[in-house]
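Residue numbers (the numbering used here), protein chains in the order written: chain A, 1 to 235; chain B, 1001 to 1131.
For glycine and all other residues, C-beta sits at the position ideal for the given N, C-alpha and C.
Report on the following structure.
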């Protein structure tokens, strides 16, 4: 039997943690998709019951029903990819858009803790990365910040250029979650990691695999921030 | 003997940020007896609400920037007796939110009959009486 590399195990743990923490949000999004399907069926029925010439209404209802089905299929496919570890190829992607999607996804959870995220991004933060893994790590960091920052905290998330890299910075006036030296975490993973350390160690490895780096840790100058440097894609 | 005029259309302000859900639910809510104005955010809704007459507000809870709950608080501050339906894919506990009277909740995915029932409860059909 082939042994599972530690990186795969930790990544699977990160997916499991995210799926558990955001279970309610995934169900919520699924219910929105089901709502469109139900409404589409109702419209089809209404068009079929309407006496007289109802072909236009029927065709419009069929088109809406098809769009609802396509959207729900897309949602289910994305759901599977976003909640389970899988092999995926690196592809060009816009880091600012991923951050925007992650903050949209987490907004209800953040608002329940009165935590405000303010996002700012350059339009062309293009990188080449594994899309689901990138989303997982950014979502993971957001998740732990939401869980561990005090109510009322404000977090600034900015995506900008830093030399040859795209830089994602999470910053708050309050101290960010405690973490040991990221360089030591991979060794520590053989013992125990906090959820935040799990995300930090994976993010460090992910950025480092392409020549990027991660800045966070117990040092005083990093107490309020986490920075991910990831090489920009060639335009 | 007074003569009944055609029923006045019910003016519904509907707020939902998901474009497809908004389009398809708007289609479902609108009929001969209802006019629906649909917008994507709480901020847009407040702006429209203050510029026009509405008989009912139907809003999603999870909205960008201003949540549906915050929107309803604002609507109730402007028009305390305005009927409101809150729809969400999350379980809703209105008692905790103290949003006032004339507020009903519905959990997605709901049937059109359920929504129509709530609307009938909140806004019984009006018929203007001509002299």
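For residue 242 (chain A), which residues does DSSP report across the bridge? Nothing can be reported for residue 242 (chain A), as the shown portion of chain A is limited to 1 through 235.
In DSSP terms, what residue 171 (chain A) is bridged to: Listed as beta-bridge partners of residue 171 (chain A) by DSSP are A:156 and A:225.
I want to know whether the stretch 1082-1091 of chain B touches the stretch 206-223 of chain A - three or more CB-CB distances under 8 Å. no
What separation, rounded to the nearest whole angstrom, lies between the Cα atoms of residue 1012 (chain B) and residue 36 (chain A)? When rounded, the distance between both Cα atoms is 19 Å.
Is the beta carbon of residue 41 (chain A) closer than 8 Å to that of residue 64 (chain A)? no
Counting contacts by CB-CB distance shorter than 8 Å, is residue 1129 (chain B) in contact with chain A? Reliability fails at residue 1129 (chain B), whose pLDDT of 41 lies under 50, so the model's placement of it is uncertain and no value is given.
Distance between residue 1110 (chain B) and residue 4 (chain A) (C-alpha atoms, nearest Å): 44 Å
Which residues bound the beta strand (DSSP E) around residue 1035 (chain B)? Unbroken beta strand (DSSP E) run through residue 1035 (chain B): 1034-1039.
Which chain B residues sit within Cβ distance under 9 Å of residue 19 (chain A)? Here the premise fails: no neighbours, minimum Cβ distance about 17 Å.
Measure the CB-CB distance between residue 217 (chain A) and residue 182 (chain A) and report whether it falls below 8 Å. yes
Nearest-angstrom Cβ-Cβ length linking residue 154 (chain A) and residue 169 (chain A), presumed shorter than 8 Å: With 8 Å as the limit, residue 154 (chain A) and residue 169 (chain A) do not qualify as a contact, their Cβ atoms being about 14 Å apart.
Which residues DSSP lists as bridging residue 1103 (chain B), in chain order: DSSP lists B:1084 as partners of residue 1103 (chain B).
Taking DSSP as the reference, what is the three-state secondary structure of residue 1053 (chain B)? coil
Anything in the stretch 67-100 of chain A with a Cβ closer than 7 Å to a Cβ of chain B? List those residues in chain order, please. 67, 68 and 71
Would you mind stating whether residue 1141 (chain B) and residue 1085 (chain B) have Cβ atoms separated by less than 8 Å? No answer is possible for residue 1141 (chain B): it lies beyond the span of chain B, which begins at 1001 and ends at 1131.
Can residue 193 (chain A) and residue 203 (chain A) be called in contact, C-beta distance under 8 Å? no
Could you compute how far the alpha carbon of residue 96 (chain A) sits from the alpha carbon of residue 1073 (chain B)? 32 Å
Given a cut-off of 8 Å on the beta-carbon distance, is the pair residue 1037 (chain B) and residue 1048 (chain B) in contact? yes
Classify residue 1060 (chain B) as buried or exposed, calling it buried when 16 or more other Cβ atoms lie within 10 Å of its own Cβ. buried
To the nearest angstrom, report how far apart residue 14 (chain A) and residue 199 (chain A) are at their CA atoms. The straight-line gap separating the alpha-carbon atoms of residue 14 (chain A) and residue 199 (chain A) is approximately 7 Å.
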